[in-house]
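These protein sequence lines are chains A and B, in that order. The opening position of the first sequence corresponds to residue 1294 in the numbering used here, with each subsequent residue numbered one higher. The opening position of the second sequence corresponds to residue 557 in the numbering used here, with each subsequent residue numbered one higher. Have a look at the structure below, then the notes.
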Amino acid sequence: MRVALLTEGGYPSARGASALWCDRLLRGLPGHEFEVYALSRSARQEDRARWQPLPPTVRRVRTAPLFGPPPAQTSARRTPGYGRRERARFREYFAALAEAVCAAGNGTGDGTSEGGERLTDRFAAGLYGLADLAAERGGLAPELRSETAVRLLESACRAPGALRAAHAAGALDLLAVTERLERALRPLSLDWYGTRGTDPGLAAADLCHAVGAGPAALPALVARRAFGVPLLITEYAEHGVRLREHYLRSAAGAGSTGDAAGPAGAAALAPGAVGAPVRALLASFQALLVRETYAQAQVVTPGTAHARRWQERCGARPAQLRTVHPGIDPAPFDAVGEQAGGRAVPRRAADAGPPTLVWVGRPAPGKDLTGLLQAFSLVREALPDAVLRLVELPPAPGAARCGTPDDAGEYGERCRALAARLFPGRAGRRSPVVFEEVRGPLPDARAHAYAAGDVVVLSSAAEGFPGCLVEAMLCARATVSTDVGAVCEVVGGTGLVVPPRNPRALADACAALLADPARAARLGAAARARALELFSVRQNTETFRGIYRELAAARPRRAPEPGSPLVRSAESRAPGRPGGGVRTAAPARASAGPPRRPGWARPDGPGPGSAGPRAGAGKEAKAG
Amino acid sequence: MSAQPRPGRPADPVRGLLRAHRELCERAVHPLEIAAGLEAHGVTDRTAARFRHRDVFSLAEELYARAPHPGAAGTALTEAGRTENAGRAGRTGRTEHGGHAGHTGRTGPGRPGDAPHAVTEGGPGGPGAAAVLLLPLLPGALCAAVLAALSALAGRPPLVLGAVAAAGAVLVPAGAVRAVRAVLFTRPAGVVSAGAHTARVPASLAVWACWLIAYALFGDWLLRELLGGGPDIPGSVPPGVPAHTVLSLALAVAPAVWCAGGFARVARRRLVRSRSLAEFAAGVRPVLAVAVLVFAGCVPLLQRAAAWALDRAPLAHAVAGGQGEPGPVRLWATAALCLLFFAATLLTAHGRGAVVPAGLGAACAAEAVALLSVLAARLPGLSVVARPVEWTVTALGAGAVGLLACTGAALALLAYAAGALTGVWAHHRAAAPT
């Protein structure tokens, strides 16, 4: 199959959990061909785009910026071809879009009501109208950056039924919103759809896999509408759902200038775009876009139950949601995990070290290390020789550019000071709290860190998908964690879960496990089994392989050609490359163009058994 | 951790939460924003149960409904908030706040006093006050220096004089371009990333500008020669560079840059304050008119000053081959050229420079047509085509052609500017070309 992977501010230019997952997915599915369509959110991201060796399944990468002035502006002229009629059409579509954006979000935000449905319809009409216009006339930027657009937005803001915040929008706010809309709608003007030039682009894709439901999915929406390409949405961002990320960043932008917060991409909100009207309108646009994306998607795969709840809240139908946990590569942790699992006697009895708690992560206020230290002082009352090792990971490469290291460093210092105060070192004895920094290759070093403890503790007050917890489980360690984010569904029954920000409960759980090594070992073994079954990379890629196949099969069939008794079957789409076949670059549209057929389905083609898949694919290439 | 409200609990547990997350709730533009913020602060569905809510979402909805939203409704607070935001926008593009997205960084309340100032100064990347004040004076000073040097070097071999004059011919326009760029076309540091894609000033502009200046210096002489049957090649040479015109043009750079800069500054302040597009347009139109009128008023004064300076240094007149102070029509023509350049600068500085080459080109074309019509009239039977030019020159003098051409183009550009520069996009921070 030919899969178009759409990203925004992530793979392949940025690093991070989501990009790592993309890389593993592309490497894990050698049977498919991938094309990566990446939207970059900042220049720094683009500079970073020295592609690490791409997986061999990636046929090519196309990027487009979502920042700065539009590329079309270099001509400094009105796009040729925008006549009176096109301008009238633009006004109509943009007015529909603006009306929906200004009025939506009034009320609770669920689009189930009649008014909400009408608004989503208006939004879709405006959006797709603009997409058509962009496809015909080769770009929207000059029109979107015109006074007409601002005026239309203003009249939509002043219309009855518009958001309260929109009523208060001043000239600067309107300008900021129009600019942001122009950037957000920039994917519509791209030449990714095979309408210009010979490159079929998304038109030839069998499946669009969008990472995130926001702007990344916009090209997929266009492709879905124009060519019927199925759409699969995966949301693995650090903050879960795209809309949630937008809200968090918008809230942070209200307090500081916009481009800091948000680990995935800086410059999300332009400086100055932080007034309440601007944030309200942009949030409304994002919400409508996400809602439309969910409405059009065949399958949405949240990474956690928490993300799933958000997606349901944002308009996804329960039927289309399928939770696919992000996978962790178990290989680096196998040695430690097997050793622990094969141990008949608990470790403490064997080498009689002090009972040790381990915390691994990047210090940040959200990790609530102060709470952990307080809890540990309570643990020490029960177990006076207990030791706490705090293993700091180096800052994430993605976070290095938004000033997090300073915060993290400051917080780390505060924690060290607190530890020194709570556990003053006595003469000749080391402090029971040890701060360590990880050195060397990361996964191995982490595995060693987990191996050094009897119980792994996670004290976070807020958490997405706790990768560290899964790693600890893979190392067959018993865990004590707080009930935040996806912790409960990750741990299941294989560890203790306590309420967040409750040092007493945390201390009790830790002390219980430290005092009972046999129980800890049992829990650890169960944890490893659970993690291997549910959170391995293979499980993740296999699930996506299945979803790909299913989506290809469910794609609406075209009528059988005259002269051929066969309709296109799922298998004819699915194999793609298993034998090494090469697809041609012929545009395949839902409405026009001959459908592709495998060689064996052609009257003059080789029989199913007479030739290998390569021969079949070759025929197919000729047919295309 | 029991989900049941105990009798000892306060009747309204949400109020405490509202107080704890007051800023988050007040700033929020949607219940989901509060939900996201609450989750970032460790509020889970289980916590929400304590507040008698099914999940965080419904808790957030109650908070959203109960929290006051000053940003959306009030007028005075909206005003303050907007100026505060604008102030932030202007101060810096980078931020000191990084960090976990869940932790909403908060700065102090807005200081409306400094906000417009910050906007108009254009951030750390903008030009400093000294540059704004001094750079525009550079072309005039350079020109005066060259003229003074010429008068001091009077009597030296023509090669030396020619070298000095050539240096002046290069330095003065370069200084003018530098001043305009430095003061008007810089953008705040926050939008540097845009640099790669920005519009450039088209090259044709330089050609038209050079032609217009050349015509202002030598056009009248050429027209007179043509009308008189000349020029005799290689017999006739221009009598010399009219020092007064050169000096006036160079001096006019300063008020042009100041007026354009002042206009941009005031307009941006208006942009921050305006509550609607119509209000903004209505507010900016008089500012634009004032800027143009101030500049137009400055030019005659500068011409007087130039004449006065040249009278102090009569040698410069002699060396430059000047004809003394030119006639009133030539003065007006130079003033019109200054106005044309001013209009072009204004439009280009606000990203509306697409029409500028057309405007300047039209003026050039008018002048060229006038010259060519005189030549064409020498062909048999075509003497009628030179009639208008001849009539104009006899009635008003040779400078009238340039005066009419430049005035027409300047008025056309200003009329366009009256529409284009009252729109908000013209005052967008990234509007200026590089």
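Glycine included, each C-beta is placed from N, C-alpha and C at the ideal position. Predicted model only: the values in this text are computed from it and were never measured.
(message) Tell me the residue span of the alpha helix (DSSP H) that contains B:Ile590.
(response) Pro587 to Ala596
(message) When you compare the CB of B:Thr901 with every CB in chain A, is at least one pair closer than 7 angstroms?
(response) no
(request) State yes or no: is the beta carbon of B:His656 nearer than 7 angstroms to at least one beta carbon in chain A? (result) Low confidence applies to B:His656: its pLDDT is 37, below 50, so where it sits in the model is not reliable enough to give any reading.
(request) Provide the residue(s) that pair with A:Cys1501 in DSSP beta bridges, ordered along the chain. (result) A:Ala1297 and A:Leu1524
(request) For B:Gly598, decide whether its Cβ has a neighbour in chain A, counting only Cβ atoms nearer than 7 angstroms. (result) yes
(message) Please tell me whether B:Leu833 has its Cβ less than 7 angstroms away from any Cβ of chain A.
(response) yes
(request) For the stretch 1762 to 1780 of chain A, enumerate the residues whose C-beta is nearer than 7 angstroms to any C-beta of chain E, in chain order. (result) Looking for chain E here will not work: the only protein chains present are A and B.
(message) I'd like to know if the stretch 829 to 836 of chain B and the stretch 803 to 813 of chain B are in contact, where contact means that at least 3 CB-CB pairs between them fall below 8 angstroms.
(response) no
(request) May I have the straight-line CA-CA distance separating A:Thr1663 from A:Ala1755, to the nearest angstrom? (result) 14 angstroms
(message) Using 7 angstroms as the threshold, is the C-beta distance between A:Arg1444 and A:Leu1359 below it?
(response) no
(message) As a quick exercise: from A:Gln1632, A:Ala1498, A:Glu1826 and A:Ser1829, pick the residue whose alpha carbon is nearest that of A:Arg1848.
(response) A:Ala1498
(message) Does chain B have any CB closer than 7 angstroms to the CB of A:Val1443?
(response) yes
(message) I need the boundaries of the alpha helix (DSSP H) containing B:Arg825, first residue and last residue.
(response) Ala799 to Arg829
(request) Spell out the partners DSSP gives A:Leu1681 in its beta bridges. (result) A:Leu1650 and A:Val1726
(message) Could you tell me the alpha carbon to alpha carbon distance between B:Ala636 and B:Cys962, rounded to whole angstroms?
(response) Note that B:Ala636 scores a pLDDT of 39, beneath 50, so its modelled location is shaky; the value from the coordinates is reported in the next line. Roughly 46 angstroms separates the two Cα atoms.
(message) Run through chain A and tell me which residues come within less than 8 angstroms of B:Val911, C-beta to C-beta.
(response) Within 8 angstroms Cβ-Cβ: nothing; B:Val911 doesn't reach chain A, min ~10 angstroms.
(message) Under 7 angstroms, Cβ to Cβ, is there at least one residue of chain B near A:Arg1606?
(response) yes
(request) Tell me A:Glu1328's beta-bridge partners as DSSP assigns them. (result) A:Ala1297 and A:Arg1353
(request) Kindly indicate which residue of A:Arg1438, A:Ala1428, A:Leu1715 and A:Ser1448 has the alpha-carbon position closest to the one of A:Thr1480. (result) According to the sequence displayed, residue 1480 of chain A carries Pro and not Thr. Measuring from the Cα of A:Pro1480, the nearest candidate turns out to be A:Ala1428.
(request) Assign A:Ser1774 to buried or exposed, taking buried as 16 or more other Cβ atoms, counted over all protein chains shown, within 10 Å of its Cβ. (result) buried
(message) Just verifying my parser: in three-state terms, what is the DSSP assignment at A:Ala1798?
(response) helix
(request) Look up A:Leu1676 in the DSSP assignment and give the residues it is bridged to. (result) None, per the DSSP bridge assignment.
(request) Could you tell me the distance, in whole angstroms, from the CA atom of B:Ala921 to the CA atom of B:Val828? (result) 41 angstroms
(request) Please check the pair B:Leu916 and B:Leu761, which I expect to be a contact at CB under 8 angstroms, by giving their CB distance rounded to whole angstroms. (result) 7 angstroms
(message) Let me make sure I understand the geometry here. Which of A:Pro1595, A:Ala1506 and A:Glu1835 has the alpha-carbon closest to that of A:Ala1612?
(response) A:Pro1595
(request) Drop a sphere of 10 angstroms on the beta-carbon of B:Val940, count the other beta-carbons inside from all chains shown, and report buried for 16 or more, exposed for fewer. (result) exposed
(message) Closer than 8 angstroms is the cut-off here; do at least three beta carbon pairs connect the stretch 1742 to 1758 of chain A with the stretch 1653 to 1669 of chain A?
(response) yes
(request) Please classify A:Ala1455: does DSSP put it in a helix, a strand, or coil? (result) coil
(message) Between the alpha carbons of A:Thr1350 and A:His1325, how many angstroms are there, rounded?
(response) 7 angstroms
(message) Would A:Val1583 and A:Ala1516 qualify as a contact pair, given that the criterion is a beta-carbon distance under 7 angstroms?
(response) no
(request) Return helix, strand or coil for A:Gly1303, following the three-state DSSP convention. (result) strand
(request) Please classify A:Ala1609: does DSSP put it in a helix, a strand, or coil? (result) coil
(message) To the nearest angstrom, how far is the alpha carbon of B:Glu582 from that of A:Ala1569?
(response) 10 angstroms
(request) Decide yes or no for the touch test of the stretch 773 to 788 of chain B against the stretch 692 to 705 of chain B: beta carbon pairs closer than 8 angstroms, at least 3 of them. (result) no
(request) With distances taken Cα to Cα, identify the nearest neighbour of A:Ala1417 among A:Gln1589, A:Arg1457, A:Arg1812 and A:Arg1732. (result) A:Gln1589
(request) For B:Val739, name the three-state secondary structure that DSSP assigns. (result) helix
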